[in-house]
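Quick note: the sequence shown uses full-length UniProt numbering, first residue 1, plus one each step. Ideal Cβ positions, reconstructed from N, Cα and C, are used throughout, including at glycine. Note that the coordinates shown come from a computational prediction; the quantities given were computed from them, not determined experimentally.
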Amino acid sequence: MMTQLTDDGDGAAAAFSSSHSHRKQSQPPQSTLTSSGSSSSFTNSHSNAILPLASSKSAIAAAAPTNSAITTTGTAATLSTITAINNNPTIQLLQTEISSLRTELSHSQSIRSLERSNYTRNESRLKRQLTDALEEISQDQELINELRNQVDQHATKMEESRNMWLERIQWYEERWEEMEERLAEKKKKKKKKRGGGGRGSGRGGGNREEYSEEEEEEDDDDYDSEDEDKENESDCGGDDDGVGGENGCRCCHLLQQRIDAANHQIKELETSLLESEECRVSAEERAKNAESKLATFQRISAAGNESSSSGQGGSSSNDVVQQRDARIKLAESELTNRDLQRQVDSMKQRVADYIQLKERATSSQRRVAQLEKEISGLTRQVEEGKEIHCRWMEFRKVIVDESFMLLDKNEGGCVDDAGKDHPYSSAVPPEIATVISKFNYLKRQIQAKESEIARITQMSEKHLRRAQALETQLNDSLQSVSTLEMKVKDQETMMDSLQLENRKIVAQQHVWKREADGLRSLLDTYELQEVKTMQSNKSSSLSGKSKSNSSSNAEGLQLSLNSAREEIQLLSETNTKLEATIAKLREEQQASKTEYEQVLVKFGKLRNAVFEERAKAEKAEARACQAETLAGKGMYNSDETRVLHLKCNPAMDAVREKYQLEIDSLKRKLGEVGADGIAAQGDGTTTTMTPAPAKDRGSLDSSSSSSRGGTTSDSVDIQKLHSRLKEQFRNQIALFRQGVYLITGFKFDMTQDSENDCQIFTVRSVYGEREEDHLKFKWSPKKKTKLDIMNTDMAQLLLKGSSGVYVKEHGSWPGFMASVTLQLFDQQTVL
1 MMTQLTDDGD GAAAAFSSSH SHRKQSQPPQ STLTSSGSSS SFTNSHSNAI LPLASSKSAI
61 AAAAPTNSAI TTTGTAATLS TITAINNNPT IQLLQTEISS LRTELSHSQS IRSLERSNYT
121 RNESRLKRQL TDALEEISQD QELINELRNQ VDQHATKMEE SRNMWLERIQ WYEERWEEME
181 ERLAEKKKKK KKKRGGGGRG SGRGGGNREE YSEEEEEEDD DDYDSEDEDK ENESDCGGDD
241 DGVGGENGCR CCHLLQQRID AANHQIKELE TSLLESEECR VSAEERAKNA ESKLATFQRI
301 SAAGNESSSS GQGGSSSNDV VQQRDARIKL AESELTNRDL QRQVDSMKQR VADYIQLKER
361 ATSSQRRVAQ LEKEISGLTR QVEEGKEIHC RWMEFRKVIV DESFMLLDKN EGGCVDDAGK
421 DHPYSSAVPP EIATVISKFN YLKRQIQAKE SEIARITQMS EKHLRRAQAL ETQLNDSLQS
481 VSTLEMKVKD QETMMDSLQL ENRKIVAQQH VWKREADGLR SLLDTYELQE VKTMQSNKSS
541 SLSGKSKSNS SSNAEGLQLS LNSAREEIQL LSETNTKLEA TIAKLREEQQ ASKTEYEQVL
601 VKFGKLRNAV FEERAKAEKA EARACQAETL AGKGMYNSDE TRVLHLKCNP AMDAVREKYQ
661 LEIDSLKRKL GEVGADGIAA QGDGTTTTMT PAPAKDRGSL DSSSSSSRGG TTSDSVDIQK
721 LHSRLKEQFR NQIALFRQGV YLITGFKFDM TQDSENDCQI FTVRSVYGER EEDHLKFKWS
781 PKKKTKLDIM NTDMAQLLLK GSSGVYVKEH GSWPGFMASV TLQLFDQQTV L
């Protein structure tokens, strides 16, 4: 077996391009590997996979490191060529590129499958839209046909109604002509009657018989007409001039019967037309009105005929009536014509609507045509996509032929539906040359990138080594810094402990100095006492005893000194506690004084309000009495009229009793409320009532005595009321302050600055740590000044912090207080 491997010197890429170009020109390639025996195979060392050839005779384009030709025989030659190809890096690069092309081809195939599915979905959707459009068109055509049928039926009905009304109008005209003829005959008979003279009565009777015979001949079917004629004769006739009246009444009766029959026919027609159309109802109602007017006209004409038989002036009035009736009839015919014209207009409107529906149908047809065009365009796009897919399949076959990828029998792209291989096409698409040139360009780029990657990896390794060295240095420096910080902290703790011990030693030194001074003073006094005792004693034996006594006395005095010191310390502690309690009691006393003053002020206001209401009530009573007197006695002149007043007015006494009863009931209720409040607060806490000042009591007593007539019982009631009101106000104020403290977290105390005439509010927070942590605000409602904060330690700290922003920038005291609450709460919870 002979194998030949050649290379043109530029590597595998040049060999591949030359072989591809020669294959494109349908010429045999310069570098080929031919085997006449069994199928050969190449083993890839990089991917550890076997690439089978397409057939027993396959061509492979490869690159060799030299330009020399190597000719070998047998299996040794094949093994050498396989090893040479496996060791060649360009072949490995080409294999990697082939794998990338496989992935790209699979990606393009997936994209084509997605596009194919999209095309099928669009086609099905457009088909559904087309079927819907066709159904809509069919429905529109059916609707148009139905509407046309309805229009035709309505037109036929309208034509029938029109003919019927024309017949009725013709009938009415005929009747009108008959009436005119009868009237003319009546006029002739009246003229003959006037010419006959005294024979009017006899001839009237003969005429009456003739008229009755004519009416019987005309109405043979109506059996009740004779009775009605007799009644008309009794109503109308009776003298010589009653012949014409009787004839007119009979004609009216006949006309009325025919009108009733026509009305019956009209009602039947109305019932039939109401079922089809509502517009016919109005026309029938107008027809009824016209007929009723005609009946009234006939009655009026009959009455005119009766009146015309009485004198000669009746002929002219009958002519006027006839002309008026003709005009009325003409107006009614015009009305009916207008109604018919309206109906015709409505039918025209319906026809216009039907024309619009027809236009909609045409537009839907145009839309169907447009959708069909879109469907044809989409089908054309689908066919183009199929063509493109076929070309890509051919491109894939070319790549397989050029051994860029494997020819897998299991893939659907290379095998048809019957399971047979597609015949390879000789026509090669123009994209293959560009792909091969792209391969070469990518290969050169890959080589450049690999060299660049190697250089960058070397640099990165250098930088990594340097970074590791720097990290070790940084760790060493951090450890040294941490050790130094620990030493500094230990030294600071040692300094704090030493300073604390130093302060303790200094304090103990001061205490020892004071004790030493006290002991020296005591020893001096003891020495003086001993000198005195030494001088007083005369014998030496007694002096020894006195020394022993003095030493025992010194020990006793030392004990007494220690006990006295302990007592002094206890007394000082109790003194401080008592001072604190005294300060609190003074504050409470001050608060109670202010509350007492406020209660007095409020009580004075209430008392003044009560007196004002009483004065208003008295004035109202006086006005009511005056109104009653004016209503009972009328107005009078006070200069000319003298008014006598009763000494005991019963009306005024009744009004006083009424108001007195109301006042007594209110007093009882107030006493009950006060007793309930005292009982509710009588759980162990005793409240002492501070007596009012003498001036206030005197004013109250004087006012109560003047208002109540000076009785002692009324003054006692006012004092009780005063005390109960004070107690109630105190309880309410205490509850109010407690509620404000629980809700807002601030305790408010108000004092009055008499010098500046303003109110001072002391505010303490529930989260304050000390009693001195409070804020003071100053406000003068009389001078209408703004709220101002006073200078305290807590105010200085808070205004310098973040809470002061609400006051400095926004001028909001509520925001400042809310920020203070949050700040104090955070301090407590954090600590």
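State the beta-bridge partners of residue i as determined by DSSP.
i	result
I760	T751, K778
S765	F746
I456	Note: I456 sits in no beta bridge, so no partner.
D788	K778
Under a Cβ-count criterion, where at least 16 other Cβ atoms within 10 Å of its own Cβ denotes burial, should residue i be classed as buried or exposed?
i	result
M794	buried
K616	exposed
F748	exposed
V506	exposed
G709	Confidence at G709 is low in this model, with a pLDDT of 46, below 50, so the placement of that residue is unreliable and no value is reported for it.
P814	exposed
V320	exposed
T483	exposed
V820	buried
K782	exposed
R90	It should be pointed out that residue 90 corresponds to Thr in this sequence rather than to Arg. Buried, by the Cβ-count rule.
I456	exposed
R503	exposed
T574	exposed
R607	buried
L470	exposed
I718	buried
K193	buried
K577	exposed
S55	Since pLDDT at S55 reaches only 38, below the 50 mark, its modelled position is unreliable, and the value read off the structure follows with that caveat. Classification of S55: exposed, given that the 10 Å Cβ count is below 16.
R465	exposed
Cβ atoms of residue j and residue i: under 8 Å apart, would you say?
i	j	result
E595	R730	yes
V601	K726	no
G385	Y119	yes
V766	G739	no
E372	L130	yes
K778	T762	no
V151	R350	yes
L442	E136	no
Q341	M158	no
L561	L498	no
E450	L126	no
R724	G671	yes
Q732	V673	no
T336	W165	yes
T751	Q590	yes
V655	E613	no
Taking residue i and residue j to be in contact with their CB atoms under 8 Å, please state how far apart those CB atoms are, rounded to whole angstroms.
i	j	result
D753	I743	Wrong, their Cβ atoms sit about 28 Å apart, outside the cutoff.
R112	W392	7 Å
S364	A155	With 8 Å as the limit, S364 and A155 do not qualify as a contact, their Cβ atoms being about 27 Å apart.
S803	Q823	6 Å
F603	H722	7 Å
Q123	T379	In the sequence under discussion, the amino acid at residue 123 is Glu, which differs from the Gln named in the question. Right, the Cβ-Cβ distance comes to about 7 Å (below 8 Å), so this counts as a contact.
V807	L799	7 Å
Counting only the same chain and skipping the five closest in sequence on each side, list residues whose C-beta sits under 8 Å from that of residue i.
i	result
S780	N756, D757, C758, Q759
D140	L357, R360, A361, S364
Less than 6 Å between C-beta atoms, sequence neighbours within five positions excluded: which residues of the same chain meet that for residue i?
i	result
V382	Y119
D788	K778
R121	none
F825	Y767
Ordered along the chain, which non-local residues of its own chain (more than five positions away) have a Cβ less than 7 Å from that of residue i?
i	result
G811	none
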